[in-house]
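Student:
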Amino acid sequence: MSRKNIALFIFCALMVFSTQAWASRARVMVLGTGDPMGLLNGGSLLFEDEYNLFYNPSYINDQKNWAVIEKSNYNNATGSTTAMGGFAAKIHGLNMGLFLNRIEELASGATTGMNYANINNMRPIELYLGNDTGIKWGAGVQYASFTNATQTNSDITLRAGIQHQAFEPFAWLKLSGSEETSTPTIKHSSVGGGLRYRYGEWTPYAGIRQDEIAQGTVSVKSATLGLGATRNTKLSESTRMVYGLGFFRKTQNKA
Numbered sequence: 042m043s044r045k046n047i048a049l050f051i052f053c054a055l056m057v058f059s060t061q062a063w064a065s066r067a068r069v070m071v072l073g074t075g076d077p078m079g080l081l082n083g084g085s086l087l088f089e090d091e092y093n094l095f096y097n098p099s100y101i102n103d104q105k106n107w108a109v110i111e112k113s114n115y116n117n118a119t120g121s122t123t124a125m126g127g128f129a130a131k132i133h134g135l136n137m138g139l140f141l142n143r144i145e146e147l148a149s150g151a152t153t154g155m156n157y158a159n160i161n162n163m164r165p166i167e168l169y170l171g172n173d174t175g176i177k178w179g180a181g182v183q184y185a186s187f188t189n190a191t192q193t194n195s196d197i198t199l200r201a202g203i204q205h206q207a208f209e210p211f212a213w214l215k216l217s218g219s220e221e222t223s224t225p226t227i228k229h230s231s232v233g234g235g236l237r238y239r240y241g242e243w244t245p246y247a248g249i250r251q252d253e254i255a256q257g258t259v260s261v262k263s264a265t266l267g268l269g270a271t272r273n274t275k276l277s278e279s280t281r282m283v284y285g286l287g288f289f290r291k292t293q294n295k296a
């Protein structure tokens, strides 16, 4: 059995030069996520963004009608694209969101060798529903699949989250994940969750996830822990300063 431990102590500081929140991969990449080890697979722990619904679906209740299309980058080696997009709207009293082709939803954090073969061709579809009944709640389901002459991949993941007073818990569970090939079926599993808490300008958070990929008697397991706090300070009508301090740790076992 081999074991790999990674500990990381981070300090992030950034300036947000607008009070508007626009969802895009570029925005999150430039401003940072506060999540260096793929704990959440989308969204940011440092600031409020439409993409935060990817780890806590209840945030869809905080969003007005919007839509986004992200540019495609064609990969000649795999024949795949990274285009993605979606929308959020209020329909029949429910807040609803639909998102297509967000490949990072399928990734097993930042752990090497645990992702699906042909992951870039699985084309995930995500549906989010939520409402504000005194407690803001939200739920999401993601489905993805891929089939060729030698392999069939499929994945179903469920997500849930709420916002009640200052508490914002969230969780997810990979309901099923498999790669059916000529060798024994490869099984994927993932479970995790966390909590954000609003305390004035401060937002402390904690989260944990566990991933496993197994084929026959051989399995690789990964566990990620993250905790920290961010502060969002208004400097002027058009400028905010956001910074955070966090600790992240990842372990990986192979049996």
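Residue numbers are given in the working numbering: position 198 of the sequence shown equals residue 239, and the series is strictly consecutive.
Built from N, CA and C at the ideal position, the CB exists for glycine as well.
1. Could you check what DSSP says for A130 in three-state terms: helix, strand or coil?
2. With burial defined as no fewer than 16 other Cβ atoms inside 10 Å of the residue's Cβ, what is the status of F50: buried or exposed?
3. What residues match up with T188 in a beta bridge as DSSP calls it?
4. Look up P98 in the DSSP assignment and give the residues it is bridged to.
5. Provide the residue(s) that pair with M137 in DSSP beta bridges, ordered along the chain.
6. With burial defined as no fewer than 16 other Cβ atoms inside 10 Å of the residue's Cβ, what is the status of Q206: buried or exposed?
7. Based on Cα-Cα distance, which residue from D103, N106, W107 and M125 lies nearest to F113?
8. What are the start and end residues of the alpha helix (DSSP H) that includes R66?
9. Near Q256, what residues of its chain come up, given a Cβ to Cβ distance below 6 Å and the 5 sequence neighbours on each side ignored?
10. For G287, collect the residues of the same chain with a Cβ closer than 7 Å to its Cβ; drop the 5 residues on either side in sequence, then sort them by chain order.
11. Less than 9 Å between the beta carbons of Y157 and L147, yes or no?
12. Hey, how far is the Cα of I132 from the Cα of Q183?
13. Measuring straight from C-alpha to C-alpha, what distance separates A62 and L135?
14. Whose CA, out of F211, I197, W243 and K275, lies closest to the CA of A185?
15. Can you tell which of G175, G181 and T188 has the C-alpha that lies nearest to the C-alpha of M163?
16. Near E111, what residues of its chain come up, given a Cβ to Cβ distance below 7 Å and the 5 sequence neighbours on each side ignored?
17. Measure the alpha-carbon distance for A129 versus L139 and round it to whole angstroms.
18. Using the C-alpha atoms, what's the distance from G218 back to T244?
19. When the distance is taken between beta carbons, is L236 closer than 9 Å to F211?
20. Give the range of the beta strand (DSSP E) segment to which Y246 is assigned.
21. Checking 9 Å against the spacing of the C-beta atoms, do S195 and K215 come in under that value?
Tutor: Concretely, from the data shown:
1. On the sequence shown, position 89 is the one that residue 130 refers to. Residue state, collapsed to three classes: strand.
2. Working through the sequence shown from its first residue, we reach residue 50 at position 9. Caution applies to F50, whose pLDDT of 44 falls short of 50 and renders its modelled position unreliable; the model cannot decide the point.
3. Residue 188 sits at position 147 when you count from the first residue of the sequence shown. Partner(s): T193.
4. Here residue 98 refers to the residue found at position 57 when the sequence shown is read from its first residue. Paired residues: none, contrary to the question.
5. Working through the sequence shown from its first residue, we reach residue 137 at position 96. In the DSSP output, where bridge partners are listed per residue, M137 has A130 and L170.
6. One-based indexing of the sequence shown puts residue 206 at position 165. Under this definition Q206 is an exposed residue.
7. The residue you call residue 113 lines up with position 72 of the sequence shown. Per the sequence presented here, residue 113 reads as Ser, with Phe not at that position. Nearest C-alpha to S113 among D103, N106, W107 and M125: M125.
8. Locating residue 66 in the sequence shown gives position 25, where the first residue counts as 1. First-last of the alpha helix (DSSP H) with R66: R66 to L72.
9. Here residue 256 corresponds to residue number 215 of the sequence shown, with the count starting at 1. Taken in chain order, the residues that qualify are P225 and I227.
10. Within the sequence shown, numbered from 1, the residue matching residue 287 stands at position 246. Only I51, G75, G267, L268 and G269 meet the Cβ criterion.
11. By one-based count along the sequence shown, residue 157 stands at place 116. By one-based count along the sequence shown, residue 147 stands at place 106. Yes, Cβ-Cβ distance for Y157 and L147 is below 9 Å.
12. As a working note, residue 132 is residue 91 in the sequence shown. As a working note, residue 183 is residue 142 in the sequence shown. Taken atom to atom, the span from the alpha-carbon of I132 to that of Q183 is near 20 Å.
13. If you number the sequence shown from 1, residue 62 lands on position 21. If you number the sequence shown from 1, residue 135 lands on position 94. For A62, the pLDDT reaches just 47, beneath the cut-off of 50, and the residue's location in the model is therefore unreliable, although a value from the coordinates is still provided. Distance between the alpha carbons of A62 and L135: 22 Å.
14. As a first step, residue 185 is located in the sequence shown; it is residue number 144 there, counting from the start. In terms of Cα proximity to A185, the closest of F211, I197, W243 and K275 is I197.
15. Numbered from its first residue, the sequence shown carries residue 163 at position 122. Out of G175, G181 and T188, T188 has the C-alpha closest to the C-alpha of M163.
16. Within the sequence shown, residue 111 is the residue found at index 70, counting from 1. Hits under 7 Å: S65, R66, A124, M125 and G126.
17. Along the sequence shown, one-based indexing puts residue 129 at 88. Along the sequence shown, one-based indexing puts residue 139 at 98. Each residue's Cα considered, the two are about 7 Å apart.
18. Mapped onto the sequence shown, residue 244 falls at position 203. Mapped onto the sequence shown, residue 218 falls at position 177. Roughly 33 Å separates the two Cα atoms.
19. Along the sequence shown, read from residue 1 onward, the residue named residue 211 stands at position 170. Along the sequence shown, read from residue 1 onward, the residue named residue 236 stands at position 195. Yes, the Cβ-Cβ distance between F211 and L236 is below 9 Å.
20. What you label residue 246 is simply residue 205 of the sequence shown in a count that begins at 1. Annotation: the continuous beta strand (DSSP E) that includes Y246 extends over W243 to Q256.
21. Residue mapping note: residue 195 aligns to position 154 of the sequence shown, counting from 1. Residue mapping note: residue 215 aligns to position 174 of the sequence shown, counting from 1. No, they are not a contact pair.
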